[in-house]
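Residue numbers (my numbering): 1272 to 1381. Here a beta-carbon is modelled for each residue, glycine too, at the ideal position from N, C-alpha and C. Each remark here refers to the structure printed beneath this line.
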């Protein structure tokens, strides 16, 4: 059975102690047995980059929220950054991927 999936990236992220949190939604359908993983990266300026540890998702045809903590060797600052998030789904070979990219405005957390 063919897997279909989608991912979105929210335009606003939050900062806490120099780390950034990005959010959005994902969906996957086609196989309840699929392994789903969401991962991302964030770049701010020319020298601040961060990546997330992947988080697991489910492939049930429902839209789910995701949240990723981004950290890097330097602290993120309030303002614009470039985000990228990828949802990967595997139910045997080959795995399929969908990516959302865009500008994210980082704001201090509440």
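Is residue 1274 helix, strand or coil by DSSP?
coil
Taking a contact to mean a Cβ-Cβ separation below 7 Å, would you say residue 1290 touches residue 1352 in this structure?
no
In whole angstroms, give me the CA-to-CA distance for residue 1357 and residue 1337.
11 Å
Proximity to residue 1329 [Cα-Cα], best of 1350, 1301, 1313, 1342
1301
Using the Cα positions of residue 1354 and residue 1311, report the straight-line distance between them to the nearest angstrom.
7 Å
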